[in-house]
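Student: For the sequence shown, the working numbering gives the first residue as 138, with consecutive numbering after it.
For every residue, glycine included, the Cβ atom is placed at its ideal position computed from N, Cα and C.
Pasting a structure below so you can have a look.
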Amino acid sequence: LYFGVESITPPEAAVIRDNAIKVISREEALSDIEAATARAAAWAARFDCVLIHFDVDALSFIDFPIAENVRRCDGLKLEDAAFALKQLTALPQWRGLTITEVNPAHAPDESAAFARLNEVLADALG
Numbered sequence: 138l139y140f141g142v143e144s145i146t147p148p149e150a151a152v153i154r155d156n157a158i159k160v161i162s163r164e165e166a167l168s169d170i171e172a173a174t175a176r177a178a179a180w181a182a183r184f185d186c187v188l189i190h191f192d193v194d195a196l197s198f199i200d201f202p203i204a205e206n207v208r209r210c211d212g213l214k215l216e217d218a219a220f221a222l223k224q225l226t227a228l229p230q231w232r233g234l235t236i237t238e239v240n241p242a243h244a245p246d247e248s249a250a251f252a253r254l255n256e257v258l259a260d261a262l263g
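So this is what it looks like as structure tokens:
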């Protein structure tokens, strides 16, 4: 599953096509996070094991400036990502979560940013 994606390169498109990977676009996620998350959960339900990779570059840098990609201003709000994470980590077949592209140097207040991120993760992980 490729969730909240903004653009897909031709090589990525080939991998997506060849491996029957579900794509839920950034636009879909931004317009209705609940419906997009429900579609993601429905797609994931067919697998015995679900692993989630959360790349914070999918977030709006304006909303939560902790990502590596400082130009991404139209991504998901942290609250939307938190909603999706909470729903997807509640799946009975969920087994793991990785988080990447966190760049603390970009946060205006590193302590506050990590406190908020930790709250989101603690809530999602129960």
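If you compare alpha carbons, which of Ala177, Trp231, Thr226, Pro241 is closest to Pro202?
Tutor: With distances taken between Cα atoms, Pro202 lies closest to Pro241.
Student: With distances taken from CA atoms, which of Leu213, Asn255, Glu149 is nearest Glu292?
Tutor: In the structure as shown, the chain begins at 138 and stops at 263. Residue 292 is therefore absent and cannot be evaluated.
Student: How is Arg176 classed by DSSP in three states: helix, strand or coil?
Tutor: Looking at Arg176 - three-state DSSP - the assignment turns out to be helix.
Student: With distance defined between alpha-carbon atoms, name the residue in Ala195, Ala244, Phe191 nearest to Thr226.
Tutor: Out of Ala195, Ala244, Phe191, Phe191 has the C-alpha closest to the C-alpha of Thr226.
Student: From Asn105 to Ala218, what does the alpha carbon distance come to, in whole angstroms?
Tutor: The question about residue 105 has no answer here: the residues shown for the chain are numbered 138 through 263.
Student: How should Asp169 be labelled, buried or exposed, when 16 other C-beta atoms within 10 angstroms of its C-beta is the threshold for buried?
Tutor: Classification for Asp169: exposed.
Student: Using a Cβ-Cβ cut-off of 7 Å (strictly less than) and excluding sequence neighbours within five positions of Val142, which residues of its own chain qualify?
Tutor: The residues are Val160, Ser162, Arg163.
Student: Is the CB-CB distance between Leu228 and Arg253 below 8 Å?
Tutor: Not in contact: Leu228 and Arg253 (Cβ atoms no closer than 8 Å).
Student: With a floor of 4 residues, list each alpha helix (DSSP H) that falls wholly inside the region 185-250, ordered by position along the chain.
Tutor: Within the region 185-250, the complete alpha helix (DSSP H) runs of at least 4 residues are 215-226.
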